[in-house]
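Peer 1: Take a look at the following structure, please.
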Amino acid sequence: MINEALREIDRGSAEIIDNERIEKLLKAYFEEGKTYTVKAGFDPTAPDLHLGHTVLLQKLAIFQKYGARVQFLIGSFTATIGDPTGKNITRKVLSKEDIIKNISSYTTQAFKILDESKTDIVYNDDWLGNMSAADMITLASNLTVARMLERDDFSKRFKSNTPIATSEFMYPLLQGYDSVYLKSDVEIGGTDQKFNLLMGRQLQKAYDIKKQQAVLMMPILEGLDGVQKMSKSLGNYIGVSDAPNDMFGKVLSISDDLMWRYYELLSDKSLDEIESLKKGVQEQTLHPKKVKEDLALEITSRFHNGEAAQSAKAEFEKVHAKSQIPTDIAEFRVNEDIWICKALVDCALEPSTSQARRDIKQGGVKIDQVKVSDDKLQLSSGEYLLQVGKRKFAKLKVN
RNA sequence: GGUGGGAUAGUCAAGUGGCCAACGACGGCAGACUGUAAAUCUGCUCCCUAUGGGUUCAGAGGUUCGACUCCUCUUCCCACCA
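This is the structure:
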C-alpha cells in the first residue's frame with residue numbers, strides 16, 4: 005500500500021527532498037489514520053489557470069488520496085506588494101478586491117481537480133500582513149546576501165546587470181515563513197521554486213519546528229512551443245477554462261516529442277500504459293496522431309466532459325483534416341454596403357484594414373470558399389461567409 | 001551625493017542630419033506542404049478605401065530647408081565610485 009502510494013507520489017517528480025519524511029507520514033496515515041498537511045503556493049495575479057498549474061494540482065490530488073490536507077496558499081500578501089522589477093516590466097500591484105475576485109475563479113478551476121473537502125484555502129497576508137518591522141528583521145537575519153545571490157535567477161540577473169530590488173530578496177523569506185506559520189509537513193512546487201522551498205525547511209528549523217517539511221518538486225511544463233515554460237504571457241498555454249475545441253486543438257498541435265512529456269505529467273494513465281504506447285509508436289503499430297488524440301480527449305474531458313471532448317474531436321477533423329467549415333461561427337450584420345476590408349475588421353477577423361489588404365493580396369481571404377483577389381470589393385446586400393486563413397471564420401449579413 | 005552609459009515598432013536590437021515607416025533576429029499573420037494548429041520553405045508584419053495620405057524612434061521645447069540622429073530641460077533605467 006505504502007509503496008504504491010509512494011510510486012504515485014514520485015511519478016513525474018523532478019526531485020524529492022527528505023523522502024523519508026513522506027514515507028513516515030504515509031505510514032502514520034495507513035497505520036493510524038493520521039492526516040498531514042501539504043502546502044502549495046499560488047500567485048493570484050493571473051485569474052486563469054493553465055495546464056502548467058494543474059501539474060501541481062494533480063500531484064496535490066494524489067496526496068489527498070493518501071491522507072493529506074492541502075494547504076492551498078494564496079500569496080495575497082506578496083501580490084499586494086508586487087514584484088517591482090520582475091523582468092522588464094513592473095508587475096502590476098493588485099488591489100485586495102482584484103485579488104479576491106481572481107481567487108474565486110481560481111479556486112473554482114482548481115476544484116475541478118482537488119477535493120474541496122480536504123483543502124484549506126489560506127491567505128498569507130493573514131499572518132504576514134501583521135508582521136512588525138522587528139519581526140521582519142528577525143526573519144531577514146536568517147539569510148545572508150551571499151546565500152541569496154546563489155539563487156540561480158538572482159545570480160543570472162546580477163551578472164547580466166538586470167535590476168534586483170531589495171524587496172525581491174524578501175520573497176523567499178516570506179514564502180519560507182509561510183511554512184513556519186502553517187507548520188507544513190510537505191511542500192510542493194516547481195523546480196524553479198527550489199530555493200524558496202528549501203528556505204521553508206531552513207526557517208522551520210530556525211523557528212524551532214521539530215520536523216522540517218519534505219519538499220517535492222515538479223518539473224516545469226513546457227508550453228505548446230515545447231521550449232519555454234507554459235505561461236499566459238508567452239501565449240503558449242492551454243487554459244483550464246479554454247473551450248473544448250480550443251483545448252483539443254491545442255493539444256493536437258504539440259510536437260510528437262512533447263506529447264510524451266504531457267502524457268507523463270498530465271495523463272492519468274499509468275506509466276506502464278504510457279510505455280506501451282510509446283513502444284507502439286516506435287514499432288509503428290500505433291499512429292502518433294491517434295495517441296495524441298487520445299491525450300487530447302483525456303485532457304478535454306477532464307475539464308469539460310466526455311461528450312464535449314468527442315464533439316471537439318469531430319469538429320477538429322471536420323475543420324482541419326477535411327478542411328470543412330466549423331459549426332459555430334460568429335454572426336455579424338450591417339445595414340449598408342460595406343467594403344471588404346472594413347467588413348473583415350468589423351467581424352474581428354483582422355486587426356486593421358491594412359492587414360486585411362495584405363492578406364487579400366496573399367490569397368488568405370475567402371468569401372463563401374472562394375478566394376478574394378480584389379481588395380476594393382464592395383459587399384452589397386446578401387449573406388456572406390468570410391474566412392481569413394484556415395481557422396478564422398465569420399458570417400456577415402448585409403441588408 | 002558624484003561620474004559615466006542608456007531609453008527605437010509585440011520583444012530583443014541596428015541606425016549618429018536627407019538614401020528611414022526605420023537593417024536584422026524572434027514572435028505574429030498568410031501561402032505551400034503535412035496525420036496536426038508540428039517541422040520545413042515562401043511572402044508579409046504602424047494606421048488610413050491607399051500607385052497617394054497621416055502619425056511614429058521615452059516626454060516637452062529648440063536649432064535646421066530637413067532630426068531617430070545636434071542642443072536644452074523633464075521622466076525612467078543601468079554601471080562604477082561614495
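Each number in the numbering used here comes from the position in the first sequence (counting from 1) with 4 added on. From the three backbone atoms N, C-alpha and C, an ideal C-beta is built for every residue, glycine too.
Measuring only the C-alpha atoms, how far is P88 from Q232?
Peer 2: In this prediction, P88 scores a pLDDT of 41, lower than 50, which makes its location untrustworthy; no coordinate-derived value is stated.
Peer 1: If you pair each beta-carbon of the stretch 390-402 with each one of the stretch 362-381, do three or more pairs fall below 8 Å?
Peer 2: Touching, yes, given that three or more Cβ pairs across the two stretches are closer than 8 Å.
Peer 1: Between the Cα of L132 and the Cα atoms of D102, I78 and I168, which residue gives the shortest distance?
Peer 2: Nearest option by C-alpha distance: I78.
Peer 1: For V149, which of helix, strand or coil comes out of DSSP?
Peer 2: Residue state, collapsed to three classes: helix.
Peer 1: Just checking my contact of L269 with P223 at CB under 8 Å: how many whole Å lie between their CB atoms?
Peer 2: With a Cβ gap of about 7 Å, L269 and P223 count as contacting.
Peer 1: Measuring alpha carbon to alpha carbon, tell me which residue in K396, R361, G386 and E387 is nearest D379.
Peer 2: Nearest C-alpha to D379: R361.
Peer 1: Considering Cα atoms alone, identify which of N7, D52 and M174 is closest to A137.
Peer 2: Looking at the Cα atoms, M174 is the closest of the given residues.
Peer 1: Which residues in the same chain have their Cβ closer than 8 Å to the Cβ of F162, if we skip the five residues on either side of it in sequence?
Peer 2: The answer, listed in chain order, is L153 and I168.
Peer 1: If you follow the beta strand (DSSP E) that I78 is in, where does it begin and where does it stop?
Peer 2: First-last of the beta strand (DSSP E) with I78: A72 to I78.
Peer 1: Cα-Cα, which of E27, A18, K63 and P330 is closest to N7?
Peer 2: Closest by alpha carbon: E27.
Peer 1: Measure the CB-CB distance between A9 and L29 and report whether it falls below 7 Å.
Peer 2: It is not a contact, given that the beta carbons lie outside the stated cut-off.
Peer 1: If we call anything under 7 Å between Cβ atoms a contact, is G56 one with L178?
Peer 2: No, the Cβ-Cβ distance between G56 and L178 is not below 7 Å.
Peer 1: For the alpha helix (DSSP H) that V244 lies in, which residues bound it at each end?
Peer 2: Unbroken run through V244: none, as it is neither H nor E.
Peer 1: If we ignore side chains and look at the alpha-carbon of each, how far apart do E387 and I333 end up?
Peer 2: Going by the C-alpha atoms only, they are around 13 Å apart.
Peer 1: Are there 16 or more other CB atoms within 10 angstroms of the CB of S183, so buried, or fewer, so exposed?
Peer 2: Under this definition S183 is a buried residue.
Peer 1: Of all the options Y181, D189, L186 and L220, which has the alpha carbon lying nearest to the alpha carbon of L207?
Peer 2: For the residues Y181, D189, L186 and L220, the minimum Cα distance to L207 belongs to Y181.
Peer 1: What span of residues does the alpha helix (DSSP H) with G180 cover, start to end?
Peer 2: Start and end: T170 to L186.
Peer 1: Could you tell me which residues DSSP puts in a beta bridge with V190?
Peer 2: BP columns for V190 point to V42 and A218.
Peer 1: Within a Cβ cutoff of 7 Å, which residues of the same chain sit near D196, ignoring the five residues on either side of it in sequence?
Peer 2: Answer for D196: I224, listed in chain order.
Peer 1: Answer yes or no: do A347 and L400 have a C-beta to C-beta separation smaller than 7 Å?
Peer 2: Yes.
Peer 1: Could you tell me which of Y110, A313, G71 and E335 sits nearest to S80, measuring between CA atoms?
Peer 2: Looking at the Cα atoms, Y110 is the closest of the given residues.
Peer 1: Can the beta-carbon of G193 be found closer than 7 Å to that of L201?
Peer 2: Result yes, Cβ atoms of G193 and L201 sit closer than 7 Å.
Peer 1: Going by Cα to Cα distance, which pick from D52, M135, T142 and D189 is closest to A67?
Peer 2: In the sequence under discussion, the amino acid at residue 67 is Phe, which differs from the Ala named in the question. It is D189.
Peer 1: Given this structure, state the Cα-to-Cα distance separating Q62 from E24, to the nearest angstrom.
Peer 2: For Q62 and E24, the distance between alpha carbons rounds to 22 Å.
Peer 1: Where in the stretch 309-375 do unbroken runs of the beta strand (DSSP E), each at least 3 residues long, occur, reported from the N-terminal end onward?
Peer 2: Within the stretch 309-375, the complete beta strand (DSSP E) runs of at least 3 residues are 335-338 and 369-371.
Peer 1: Going along the chain, which residues of its own chain have a beta-carbon closer than 7 Å to the beta-carbon of V376, five neighbours each way excluded?
Peer 2: Hits under 7 Å: I344, I364, V369 and K370.
Peer 1: Got a sec, what are the start and stop residues for the alpha helix (DSSP H) E279 sits in?
Peer 2: Unbroken alpha helix (DSSP H) run through E279: L275 to Q286.
Peer 1: State whether the stretch 306-321 contacts the stretch 247-255, with contact taken as three or more CB pairs (one from each stretch) at a distance under 8 Å.
Peer 2: Judged by Cβ distances under 8 Å, the stretch 306-321 makes contact with the stretch 247-255, as three or more pairs qualify.
Peer 1: If we ignore side chains and look at the alpha-carbon of each, how far apart do F199 and L143 end up?
Peer 2: So the two alpha carbons sit approximately 16 Å from each other.
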